[in-house]
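Peer 1:
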Amino acid sequence: MKGNKIVWATCLLLLSLSMGCKEEVEYVAPDSSFGLIYDQIFAPSCALSGCHLAPVKKRDLLGEPPYLAGEATFAALINVTPTQTQAASAGLKLVMPGNPDSSFLYQKVIYDSSNFAFGAKMPSGGLTMTANQILFLRQWIAAGAPLTGHVADRSLMQ
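The letter at position 106 of the sequence shown is residue 126 when you use this note's numbering, and the numbering goes up by one with no holes.
#1: Which class does V115 belong to by DSSP, given the choice of helix, strand or coil?
#2: Which same chain residues, not among the five before or five after F94, have their C-beta less than 6 Å away from its C-beta?
#3: I need the DSSP call for S123, collapsed to helix, strand or coil.
#4: Can you tell me whether Q178 is buried or exposed? The criterion is at least 16 other CB atoms within 10 Å of its CB, across all chains shown.
#5: Starting from the Cα of A107, find the closest Cα among N119, G139, I161 and P117 and give me that residue.
#6: Can you tell which of F136, Q127 and A172 has the C-alpha that lies nearest to the C-alpha of V115?
#7: Which residues does DSSP pair with G169 in a beta bridge?
#8: In angstroms with no decimal places, state the Cα-to-Cα distance between I57 and L97.
#9: Is it true that the CB of I161 sits closer than 8 Å to the CB of S133?
#10: With a CB to CB cut of under 7 Å and the five nearest residues on each side skipped, what residues in its chain are close to D59?
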């Protein structure tokens, strides 16, 4: 009888832990250039298991590498020094507002023509970005990489 109680208690504990881990990041990106980047580039191409998606609960602090899930995404990118040592030594930031050429994110997506071909090209795993998406990303960064407002040509994302 005592053994059955232990089995049931263990099952309940495992069930409650697994249910707690299934909480997904809920985030509605702002109606902005950043929101389009989040919804049309990060979510389908970057915030994936094995890339930049961590098993976190909403509102958790996101760790390294920069995880692109939820409301902390913007803060995890802007003026943040990359963990990639060569990029950090070159003075790049993940996103340097106003300067796409010094933005590691931009350099990773133009990897084949980049002067800073550190690490591997992004997105990885056979996923690609269109030339228009790359141009939109560049325009957003060049315009100061704001969280709100439309500063890049929205027609590029259609």
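We put the beta carbon where it would ideally sit given N, CA and C, even for glycine.
Peer 2: Straight from the coordinates:
#1: strand
#2: L167
#3: strand
#4: exposed
#5: G139
#6: Q127
#7: S52
#8: 13 Å
#9: no
#10: A49
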